[in-house]
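Everything below concerns the one structure shown next.
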Ligand SMILES: Cc1cc2nc3c(=O)[nH]c(=O)nc-3n(C[C@H](O)[C@H](O)[C@H](O)COP(=O)(O)OP(=O)(O)OC[C@H]3O[C@@H](n4cnc5c(N)ncnc54)[C@H](O)[C@@H]3O)c2cc1C
Ligand SMILES: Cc1cc2nc3c(=O)[nH]c(=O)nc-3n(C[C@H](O)[C@H](O)[C@H](O)COP(=O)(O)OP(=O)(O)OC[C@H]3O[C@@H](n4cnc5c(N)ncnc54)[C@H](O)[C@@H]3O)c2cc1C
Ligand SMILES: Cc1cc2nc3c(=O)[nH]c(=O)nc-3n(C[C@H](O)[C@H](O)[C@H](O)COP(=O)(O)O)c2cc1C
Ligand SMILES: Cc1cc2nc3c(=O)[nH]c(=O)nc-3n(C[C@H](O)[C@H](O)[C@H](O)COP(=O)(O)O)c2cc1C
Ligand code: FES
Ligand code: FES
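Protein chains in written order, with this note's numbering: chain A, 327 to 639; chain B, 327 to 639; chain C, 30 to 279; chain D, 30 to 279.
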């Protein structure tokens, strides 16, 4: 199947399954390779990259919550040049589009990152991660700067705070799609250090709020929306599609249940619907023993070869 | 102990413990009377009241979430006149201040509710519940309208969306305190009907976001902040105080663990700190058998009588 | 309403679908009457699951309260649970009651089990209709005087017209997937076989999720006719169906 | 990294503080080596608790993997768990290793138990220091060749200077309340009794929370000297303390 997940045009982004990891969830594409059939994912979103290197945040960064976690990393990364050097060939080898996530630290940096990424064949689209307290004006400028400096589609990831205004601003600025929303920021007390720390909140309970915003946005703007935030089941993903999303990003559920993203991708990619009989036993027996799984994977990769030839990429 | 929880002035609100239920959690004061020692609560916040009667929402209203729930009621109530008629004498008999929660349906209604409440001895303060998508201008007008029509302190309960701007607006309008924040709105699929429904999201995972906002607001505005959202333990309540709140509201945790609000009230009210030895065994053995509890209550109400005489009310 | 901690002293399995938990409780809890329930939460505390569960008593015995639970749930003797209650009002029977009909439509008849004992002791004839999935309810432990009728998924059973005509009072509980729709179906059965369904005759025994159990949250609010409402946790679980605003019949 | 479902076949209690779970696993899992761990999640699925737990293998036996857990947790034979792994690198020993010192400071020595077997088989002398709460670790099941030393809360033990001087390589694991601070305290003990702490000599065995276990989340990132970083889940758990940016000594 083919899903167009950015606004139509010469550089729109078409995927086989409308399912991808949220930025950072699968690192730079070198994570869980033996655990998830990457080929089933519609697109790969990279870990966040900034123009200059960033070092990690100090202090406690992981706080377990009831049915969730708070995570604060400071978005450490070696900067766009080093990242491209290290991962260019890996991304070229991936069978699906690669979306480079760029941290919108400053207008200047966004512009430079966009030009840099524009020259890279390994990158198919950009996702600009906008800060939580960003003003709509600034957001518009950031996205406009990216759009002016690349031919590739530019996705804008917005926070849930002030989502409606921000979505309108980035749509006006020429974003190809809106990713809604970034996980919310919060403050929690670290059980280890006993101190209050802030970070992003993840878990199934953030989903209802994101789902509501996606539904609101889908009525308010006319570029595609990629739904994100707390997806923890196939049904959660379908709920986002029902609420008006064109595609979804799966976040920390992948760390708890890695296979889940593959099942969601197959489900929304139409594989489950078109082949209910026998073809995907691991859908119903997730995590069965290695031996069994290998056998089925063999069967399946045989079966998948056909469909792969009909796909747009 | 005495805590001034609204801006100083001739009509500021002083409470013995900075702990109260969120609007609706204990109904109109007739709920859990045998289960919670109401006297320990710093204030009582009523269920939401509108000027005209409101009937309940249609369709499924309760959706269990992982570590939480989504609830949609439509704020049914018989309107302010009937509510006063029914509950005036009950509220008069309560030993702590009563805060009447008014749903800000329209400017006209807020004005009328405020005048109405101003004439009621049973009401010590008003809390105006602002809608989720309200503009700062409208919020300012609503609060100004309430303030102009009553001598009593006016608290403004704001949503988490756009909290900073709204807090500034209501502070400018003369609010005595800001209640931050109302539980966020979300959409979830009802497991019974299979439909998507929207409502408010409750549970421990909403706390980090509310806590972060309270911390932000406490640096940005100079009227007291009453922290609310997902408090599920004494430590959660203390976290809000640490983050800059002057008092807290406890929400749905009360339905799961009714005694919790009493323990929090005793804790933040200073009782636990001043009487660690033996005086409050049920703090350490919550929910012990009735017989035992009764005996301790007796002991305690004897003990409490002294302190009650020294309190400002 | 009170909250206590109770210990699971003993577990009896009725069959693979149902089990009884014998709970050691305060003396007070032996006062619970048929129709009333408890809101339970297993300890140690976690916040998932969040809402308390509605537990139906089936009998009291000395200081023990017996509740009926699905056989699929795993309990262990010695486990501690927190119980809040009582929720709701006891069933109210007509003074002239002779024959009572209890209907469980695709849901276990747990709310009725405690009532049966009392009804029989008062020489009232009891018919229990188990429809659809309720048919997996084991009846060997019920007193032999109870007439058990098994109905199909659509509430058909042989002699339905007779049973319906014969009953002086009816209590019906239904699956939660579409509580109002199913109650409506029950209403139609009775309105089809009687000229008019009188007041205080046909009661729906409602089992919505109960966030607060005490009238605070409005989560269990039931629309009645003429714009009135009822809180199931306060006035229920049995509500006279002739007063309820049931969905329009299809 | 792989994910499998394993069954708890048997549970052995060491004492009231510790138990061993015998897990039936794929043949592959017998390859796990000391230093590596598994990220476990108990089934059926709930989202609370959320993060997987780090489980330390203590031995492999035929198709069985044995892990060590706190005795306070309740497990049942027949329970199914999901395991992800392997996480981290096997411990790397010096070629010239003769005497190894293992330190568990206020945390169980679980990461070391599997290593002990191999070390002894290679005729390496093993000293295990249990400090503070680690002293509740039962040692009866350890091979008699292991020299067990009990230290106080502040890592004092008799003959500390001698033990320290005698070791060719040291591995230390510490309680999570202040992992960096405690590692620093260990560092100080060794730097006080030696002119210089050489590279590849003193290793911290870090146990941060591991959200992803595979280098994606940066949650386990450790600051090294010169602004470098290490991911404990990828390069750890044992990291040469001479490369770590420990907090300044007080
Ligand atoms: C709501 C809140 C209240 C706090 N109150 C106190 C306090 O009363 N006393 C105290 O010593 N420390 C306080 N802190 C700081 C906290 O306890 C940790 O010390 C801090 O988060 C870790 O700092 P770091 O430099 O190690 O990490 P970093 O990664 O550098 O900082 C983590 C994040 O916390 C933010 N931060 C740091 N201090 C605060 C603060 N006071 N309020 C809000 N954000 C902050 C930083 O900007 C950064 O975004 C508070 C933190 C928060 C979030
Ligand atoms: C995100 C979302 C998507 C939906 N998609 C569909 C759909 O595709 N087809 C369909 O038949 N029904 C849809 N609905 C409606 C939903 O399934 C229920 O039918 C509805 O919420 C219950 O309506 P009610 O009149 O019984 O209750 P009410 O209490 O009157 O309504 C409940 C709340 O849901 C809101 N609502 C009603 N319909 C929608 C809607 N379409 N989108 C957002 N909010 C709504 C109402 O404004 C109200 O706030 C959707 C609801 C939501 C929240
Ligand atoms: C645009 C932008 C987005 C960010 N998003 C995240 C994020 O998703 N996760 C995170 O841990 N830190 C994120 N950060 C970094 C933190 O907010 C913070 O700036 C960083 O951790 C350093 O903290 P401090 O400078 O306040 O100490 C982001 C920063 C910027 C500028
Ligand atoms: C100011 C204001 C605040 C509201 N807050 C709540 C609330 O906290 N909980 C709730 O269930 N409904 C709340 N409502 C009501 C719903 O948002 C909604 O208006 C009501 O359920 C009727 O839904 P409908 O008119 O969209 O069908 C509020 C309404 C207003 C005007
Ligand atoms: S359950 Fe809350 S009002 Fe009935
Ligand atoms: S645990 Fe996620 S990077 Fe190490």
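Think of the CB as a built atom: it goes at the ideal place given N, C-alpha and C, for glycine as much as any other residue.
Residues bridged to residue i [DSSP beta-bridge criterion]
i                      : result
residue 482 of chain A : A:454 and A:504
residue 41 of chain C  : C:49
residue 116 of chain C : C:66
residue 394 of chain A : A:391
residue 85 of chain D  : D:97
residue 32 of chain D  : D:113
Closest by C-alpha distance to residue i, when choosing among the options
i                      : options                       : result
residue 31 of chain C  : C:164, C:41 and C:66          : C:66
residue 135 of chain C : C:185, C:146, C:129 and C:123 : C:185
residue 40 of chain D  : D:33, D:34 and D:53           : D:53
residue 345 of chain B : B:331, B:467 and B:357        : B:331
residue 228 of chain D : D:123, D:190 and D:112        : D:123
residue 266 of chain C : C:84, C:57 and C:60           : C:84
residue 551 of chain A : A:342, A:567, A:560 and A:562 : A:567
residue 172 of chain D : D:197, D:190 and D:144        : D:144
residue 202 of chain C : C:188, C:238, C:175 and C:141 : C:141
residue 489 of chain A : A:472, A:507, A:476 and A:473 : A:507
residue 87 of chain D  : D:262, D:48, D:236 and D:78   : D:48
residue 432 of chain B : B:555, B:450 and B:375        : B:375
residue 429 of chain A : A:563, A:340, A:421 and A:440 : A:440
residue 75 of chain D  : B:392, B:555 and B:478        : B:392
Interface flag, residue i vs chain F, CB-CB below 8 Å
i                      : result
residue 358 of chain B : Absence of chain F from the displayed structure is noted, the protein chains being A, B, C and D.
Buried versus exposed, by CB contacts within 10 Å (16 or more), residue i
i                      : result
residue 192 of chain C : buried
residue 109 of chain C : exposed
residue 626 of chain A : Confidence at residue 626 of chain A is low in this model, with a pLDDT of 49, below 50, so the placement of that residue is unreliable and no value is reported for it.
residue 631 of chain A : Low local confidence applies: a pLDDT of 43 at residue 631 of chain A is under 50, so the model's placement there is unreliable, with the coordinate-based value given in what follows. Burial call: exposed.
residue 276 of chain D : exposed
residue 541 of chain B : buried
residue 328 of chain B : exposed
residue 459 of chain A : exposed
residue 685 of chain A : Residue 685 of chain A falls outside the range modelled here, since chain A spans only 327 to 639, and no answer is possible.
residue 476 of chain A : buried
residue 624 of chain B : Low per-residue confidence applies at residue 624 of chain B: pLDDT is 49, beneath 50, and the placement is therefore not dependable, though the value from the model is reported in the following sentence. By the 10 Å Cβ count, residue 624 of chain B comes out exposed.
residue 454 of chain A : buried
residue 170 of chain C : exposed
N-terminal and C-terminal residue of the beta strand (DSSP E) that residue i is part of
i                      : result
residue 202 of chain C : 198-203
residue 523 of chain A : 522-528
residue 128 of chain D : 128-134
Residue range of the unbroken alpha helix (DSSP H) whose run includes residue i
i                      : result
residue 413 of chain B : 406-419
residue 534 of chain A : 533-546
residue 192 of chain C : 189-195
residue 146 of chain D : 139-150
residue 210 of chain D : 208-222
residue 160 of chain D : Note, residue 160 of chain D: premise wrong, no alpha helix (DSSP H); beta strand (DSSP E) at 154-160.
residue 473 of chain B : 462-474
residue 566 of chain A : 560-568
residue 590 of chain B : 585-594
- [ ] Give me every residue whose Cβ sits closer than 7 Å to any heavy atom of ligand 6, in chain order.
- [x] D:239, D:240, D:241, D:242, D:243, D:244, D:245, D:246, D:247, D:248, D:249, D:250, D:260, D:261, D:262 and D:263
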